[in-house]
């Protein structure tokens with residue numbers, strides 16, 4: 006979803022008008038060094054004009070959002086506290102997702118690094134599966150679906166973003182040294198792991214695999230490769246991390 010964004014310095018919402026490009030550029034230019042921006046606040050949508058809405062921030066400032074994606078309606082989030090996340094560019098805010106806001110104490114994933122020398126970093130990436138890719142994966146696993154099923158499934162996840170947790174072994178090791186966990190919004194409304202696996206399971210080695218879910222999130226875990234070990238005598242870092250972290254993973 007493509008949105009223009011600029012600060013209104015606490016002003017109240019009015020009927021949307023054509024934004025002043027110079028004001029947008031001035032506001033955005035201050036943030037060009039930040040690859041990802043996250044804004045949280047109460048969204049007030051004008052139900053007669055779903056192309057515009059205001060976001061009332063916790064610090065009292067107001068942000069005007071202009072929606073250029075006809076497939077998304079701000080009215081769906083009117084009056085709710087939401088998080089808008091995306092990449093800031095020259096004169097537009099490329100929003101990768103809008104979702105109900107979570108409190109700081111409600112991080113979607115809990116885990117423990119106790120017992121392993123590792124660091125964790127968090128990144129985001131667009132939903133990248135294609136219907137053809139999912140169909141091929143299902144065929145490999147012997148899972149049958151009706152014609153056109155995966156086209157409909159892909160449409161449910163359109164515009165969503167996955168959160169990637171990279172757990173990197175910090176000791177001396179051979180590759181791979183990083184264990185990956187990714188979260189995807191549960192846009193399909195799966196209620197069981199079997200439902201989740203039927204659509205996203207991978208039966209080939211070296212991929213990412215459906216592992217757990219709740220009503221909000223789908224969790225995938227990565228393989229640590231083929232198990233090949235060189236002659237260095239160093240451990241495979243990914244496996245060391247996986248052994249400790251995977252049993253502690255929990256969706257909040």
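In this note's numbering, the protein residues as written are 6 to 257. Ideal Cβ positions, reconstructed from N, Cα and C, are used throughout, including at glycine. Predicted model only: the values in this text are computed from it and were never measured.
Residue i versus residue j: straight-line alpha-carbon distance, rounded
i	j	result
residue 202	residue 165	19 Å
residue 189	residue 249	23 Å
residue 3	residue 60	With the chain covering 6 to 257 only, the question about residue 3 has no answer from this structure.
residue 194	residue 220	7 Å
residue 171	residue 160	27 Å
residue 149	residue 256	29 Å
residue 207	residue 237	31 Å
residue 139	residue 156	10 Å
residue 168	residue 152	30 Å
residue 49	residue 43	17 Å
residue 240	residue 179	6 Å
residue 177	residue 198	36 Å
residue 243	residue 147	29 Å
residue 135	residue 124	31 Å
residue 200	residue 184	25 Å
Run of the beta strand (DSSP E) containing residue i, from where it starts to where it stops
i	result
residue 184	183 to 190
Coil, strand or helix - residue i by DSSP
i	result
residue 220	coil
residue 237	coil
residue 46	strand
residue 249	helix
residue 178	coil
residue 163	coil
Span of the alpha helix (DSSP H), counted from its first residue to its last, around residue i
i	result
residue 202	198 to 205
For residue i, the nearest candidate out of the options (CA to CA)
i	options	result
residue 229	47, 133, 186 and 114	186
residue 224	242, 158, 115 and 183	115
residue 145	204, 245 and 49	204
residue 130	162, 181, 218 and 215	162
residue 45	174, 209 and 87	87
residue 121	246, 215 and 252	246
residue 127	137, 67, 112 and 135	112
residue 133	158, 117 and 119	158
residue 1	192, 213 and 235	Outside the shown range of the chain (6 to 257) lies residue 1, about which nothing can therefore be said.
residue 216	222, 209 and 226	226
residue 218	175, 192 and 118	192
residue 89	47, 251 and 235	47
What alpha helix (DSSP H) runs, 4 residues minimum, are completely inside the segment 101 to 157? With a minimum length of 4 residues, the continuous alpha helix (DSSP H) runs that stay inside the segment 101 to 157 are 136 to 146.
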